[in-house]
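> Numbered continuously in the UniProt record's numbering, the sequence shown closes out at residue 347.
Where a beta carbon is used, it is the ideal one built from N, C-alpha and C, also for glycine.
Before we start, here is the structure in question, set down as structure tokens.
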Amino acid sequence: MPTVQETSSKTVRSRAIWMDLVRGLAIIAVIWGHAEAIGRTGAMFQSSEWMLVSNKILVLIRMPLLMFLSGMLVPRSIAKGWKKFLPGKFTKLAWPYAVWIAMFFVVLWIHEAALLSDIPMNILRPENPNQTPLWYLRNLFFYYLIAQAIAWLRLPLWTGAVLGLAYSAYQLIDGTAIGSTDLRFANLMTYFFLGTVAMQHLERIIRFVRKPPVALTLLILWLIPTFLYVSGSAPVRYRLEYIWGPLAFIALVLGFASFITSSRWTRPLEFVGRYSLYYYVMHYPLLLGYIWWVGWRFAPDSIIHFFIMIAVGLIIPTITVYVARWIPPVKWLFFELPWPRPSRPGR
Numbered sequence: 001m002p003t004v005q006e007t008s009s010k011t012v013r014s015r016a017i018w019m020d021l022v023r024g025l026a027i028i029a030v031i032w033g034h035a036e037a038i039g040r041t042g043a044m045f046q047s048s049e050w051m052l053v054s055n056k057i058l059v060l061i062r063m064p065l066l067m068f069l070s071g072m073l074v075p076r077s078i079a080k081g082w083k084k085f086l087p088g089k090f091t092k093l094a095w096p097y098a099v100w101i102a103m104f105f106v107v108l109w110i111h112e113a114a115l116l117s118d119i120p121m122n123i124l125r126p127e128n129p130n131q132t133p134l135w136y137l138r139n140l141f142f143y144y145l146i147a148q149a150i151a152w153l154r155l156p157l158w159t160g161a162v163l164g165l166a167y168s169a170y171q172l173i174d175g176t177a178i179g180s181t182d183l184r185f186a187n188l189m190t191y192f193f194l195g196t197v198a199m200q201h202l203e204r205i206i207r208f209v210r211k212p213p214v215a216l217t218l219l220i221l222w223l224i225p226t227f228l229y230v231s232g233s234a235p236v237r238y239r240l241e242y243i244w245g246p247l248a249f250i251a252l253v254l255g256f257a258s259f260i261t262s263s264r265w266t267r268p269l270e271f272v273g274r275y276s277l278y279y280y281v282m283h284y285p286l287l288l289g290y291i292w293w294v295g296w297r298f299a300p301d302s303i304i305h306f307f308i309m310i311a312v313g314l315i316i317p318t319i320t321v322y323v324a325r326w327i328p329p330v331k332w333l334f335f336e337l338p339w340p341r342p343s344r345p346g347r
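Here you go:
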């Protein structure tokens, strides 16, 4: 008979498998969306209807899902104490954000011979969140800081979800512009802290969602706002009044993704999810570099560029993961600060 510790270890690993898998799918959805948008605006191809529709569907769920999954990891991280929690988040979020923002500016400078004054330098709170491709890391870093502040105040973590909902409600009443930085920040903050709540009640949520009437209701709740957004009937994305749509989808993921077991078919997706930072920070400048310096040389206005861009966004980061194993300093570009170096055992 397995011990309690062995059973707990298997449960944690089972959760890690499906979370890596789902995170991997969400990262691929991000690359898919950016490849379609960058290729279309860069005149590499004319997006087909199926590309536009699929991107609209994915855009409603990929970032809420990523934020929710990140929030699910907060309770365990907070329990380790702020002396481990905060330095870890600085190293894994603020550091790669700074490094890759600098690289992004270099790419712009090389391509456009832009002056620093021409490059968006309002990094912490840009007027347009899409001015920099790494806003996800910036938002996530601040959510973790808020989580730590809540822990210091000895308040429950669901307080963060209340703050996110209140901020979103204020923006709705105030008429905040669709797609603005503030709207996105508040909306995704809600998903992040709802993830912390879900992790504390995960088993009960899973049992509830797996009831057929509940699962069917959640599916309908997700399809309604998705149809409204795809058809252009309502501005669903990052809007409080439609938050129930992505949440219904996330609930279905929580209820049924844990059925998935690791296999040779799922391991590539697990790999992408496990090393998601590499794919996230690298894909955007890679896609820009492709359309600026490579893509225009062959097959003008061809849909083949879309699939090549997705391949570039997946293959090069994958190679980089293995290179980082052979050449450890490569990790400095992603999540490992070059100084101070970890002390050797026995010192």
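Secondary structure at I310, three-state DSSP: helix, strand or coil?
Here the question's residue 310 lines up with position 310 in the sequence shown. Helix, per DSSP.
> Could you give the distance in angstroms between the alpha-carbon of A79 and the alpha-carbon of I17?
On the sequence shown, position 79 is the one that residue 79 refers to. On the sequence shown, position 17 is the one that residue 17 refers to. Approximately 22 Å, taken between the alpha carbons.
> Across the region 224-235 and the region 50-62, are there enough close Cβ pairs to call them in contact, namely three or more that are closer than 8 Å?
yes
> Between the Cα of I101 and the Cα atoms of P338, L333 and L337, which residue gives the shortest distance?
Position 101 of the sequence shown holds residue 101. Comparing Cα-Cα distances from I101 to each of P338, L333 and L337, the minimum goes to L333.
> Along the chain, where does the alpha helix (DSSP H) that runs through G164 open and close?
Stepping through the sequence shown from its first residue, residue 164 is reached at position 164. From DSSP, the alpha helix (DSSP H) with G164 extends over W158 to D174.
> By a C-beta neighbour count over all protein chains shown, 10 Å radius and 16 as the cutoff for buried, is E270 buried or exposed?
As a working note, residue 270 is residue 270 in the sequence shown. Answer is buried; the Cβ neighbour count reaches 16.
> Once DSSP output is grouped into helix, strand and coil, what is the label at A299?
The sequence position of residue 299 within the sequence shown is 299, counting from 1. If DSSP states are grouped into helix, strand and coil, A299 belongs with coil.
> CB-CB under 7 Å to P75, same chain, minus the five flanking residues each way: which ones, in chain order?
Within the sequence shown, numbered from 1, the residue matching residue 75 stands at position 75. Closer than 7 Å at the Cβ level, and outside the excluded window around P75, lie L157, T196, M199 and Q200.
> Would the beta-carbon of V30 fall within 9 Å of that of R62?
Within the sequence shown, residue 30 is the residue found at index 30, counting from 1. Within the sequence shown, residue 62 is the residue found at index 62, counting from 1. Yes.
> DSSP three-state call for S262: helix, strand or coil?
Numbered from its first residue, the sequence shown carries residue 262 at position 262. Coil.
> If you compare alpha carbons, which of I205, L247 and R239 is closest to L221?
By 1-based counting over the sequence shown, the position of residue 221 is 221. Closest by alpha carbon: L247.
> Leaving out the 5 sequence neighbours to the left and right, which residues in its chain are closer than 7 Å to S70 when beta-carbon positions are compared?
As a position in the sequence shown, residue 70 is number 70, starting the count at 1. Excluding residues within five positions, the ones whose Cβ falls inside 7 Å are L140, F192 and G195.
> Leaving out five residues before and five after A299 in sequence, what residues of the same chain have Cβ atoms less than 8 Å from its Cβ?
For the purposes of this step, residue 299 is taken as the residue at position 299 of the sequence shown. Answer for A299: H305, listed in chain order.
> Specify the secondary structure class of Y242 as computed by DSSP and reduced to three states.
Numbered from its first residue, the sequence shown carries residue 242 at position 242. In the structure shown, Y242 sits in a helix (DSSP, three-state: H, G or I).
> Short of 6 Å in beta carbon distance, which residues of its chain neighbour M51, apart from the five on each side in sequence? Order them along the chain.
If you number the sequence shown from 1, residue 51 lands on position 51. Hits under 6 Å: E36.
> Exposed or buried, what is Q46 when buried is set at 16 or more other beta-carbons lying within 10 Å of its beta-carbon?
As a position in the sequence shown, residue 46 is number 46, starting the count at 1. Answer is exposed; the Cβ neighbour count stays below 16.
> Please return the same chain residues whose Cβ sits closer than 6 Å to the Cβ of F249, not counting the five positions on each side in sequence.
Within the sequence shown, residue 249 is the residue found at index 249, counting from 1. I61 and W222, listed in sequence order.
> Which class does residue 365 belong to by DSSP, given the choice of helix, strand or coil?
Only positions 1 to 347 of the chain appear in the structure, and residue 365 is not among them; the question remains open.
> Less than 9 Å separating the beta-carbons of Q171 and L240?
The count along the sequence shown starts at 1 and reaches residue 171 at position 171. The count along the sequence shown starts at 1 and reaches residue 240 at position 240. Result yes, Cβ atoms of Q171 and L240 sit closer than 9 Å.
> Indicate whether A251 and V209 have their beta-carbon atoms separated by less than 9 Å.
In the sequence shown, the residue the question calls residue 251 occupies position 251. In the sequence shown, the residue the question calls residue 209 occupies position 209. Yes, Cβ-Cβ distance for A251 and V209 is below 9 Å.
> Assuming P96 contacts F259 under a Cβ cut-off of 8 Å, what Cβ separation, rounded to an integer in Å, is found between them?
Against the sequence shown, residue 96 aligns to sequence position 96. Against the sequence shown, residue 259 aligns to sequence position 259. With 8 Å as the limit, P96 and F259 do not qualify as a contact, their Cβ atoms being about 33 Å apart.
> Taking the alpha helix (DSSP H) that G289 belongs to, which residues open and close that run?
As a position in the sequence shown, residue 289 is number 289, starting the count at 1. Run containing G289: S276 to W293, per the alpha helix (DSSP H) assignment.
> Less than 9 Å between the C-beta atoms of P317 and Y279, yes or no?
Position 317 of the sequence shown, counted from the start, is the residue given in the question as residue 317. Position 279 of the sequence shown, counted from the start, is the residue given in the question as residue 279. Yes, these two residues count as a Cβ contact at 9 Å.
> Indicate the three-state DSSP secondary structure (helix, strand or coil) for S117 in the structure shown.
Residue mapping note: residue 117 aligns to position 117 of the sequence shown, counting from 1. Unreliable positioning characterises S117 in this predicted model, as indicated by a pLDDT of 48, which lies under 50. The coordinate reading is nonetheless provided below. S117 sits in a helix when the DSSP states are folded into three classes.
> Whole angstroms is fine: what's the gap from W82's alpha carbon to A94's?
Along the sequence shown, one-based indexing puts residue 82 at 82. Along the sequence shown, one-based indexing puts residue 94 at 94. Between W82 and A94, the C-alpha separation is close to 16 Å.
> Using only CA atoms, which one of G289, Y322 and M103 lies nearest to V312?
Counted from its first residue, the sequence shown places residue 312 at position 312. Ranking the options by Cα distance to V312, first place goes to G289.
> Please classify L188: is it buried, with 16 or more other beta-carbons within 10 angstroms of its beta-carbon, or exposed?
Translated into positions along the sequence shown, residue 188 becomes position 188. That one is buried.
> Check each candidate in F105, L108 and D20 and name the one with the smallest Cα separation from L73.
Position 73 of the sequence shown, counted from the first residue, corresponds to residue 73. It is D20.
> Could you tell me which of G24, A257 and W244 sits nearest to T217, measuring between CA atoms?
Numbered from 1 along the sequence shown, position 217 holds the residue referred to as residue 217. Taking T217 as reference, the option from G24, A257 and W244 with the minimal CA-CA separation is W244.
> Which term fits S276, buried or exposed, when burial requires 16 or more other beta carbons within 10 angstroms of its beta carbon?
Translated into the one-based positions of the sequence shown, residue 276 becomes position 276. Looking at its Cβ environment, which holds 16 or more other Cβ atoms inside 10 Å, S276 is buried.
> Is F334 helix, strand or coil by DSSP?
The residue given as residue 334 occupies position 334 in the sequence shown. Residue state, collapsed to three classes: coil.
> My output table needs one value for V230: the three-state DSSP class, helix, strand or coil.
Taking the sequence shown and counting its residues from 1, the one referred to as residue 230 is at position 230. V230: helix per DSSP, three-state reduction.
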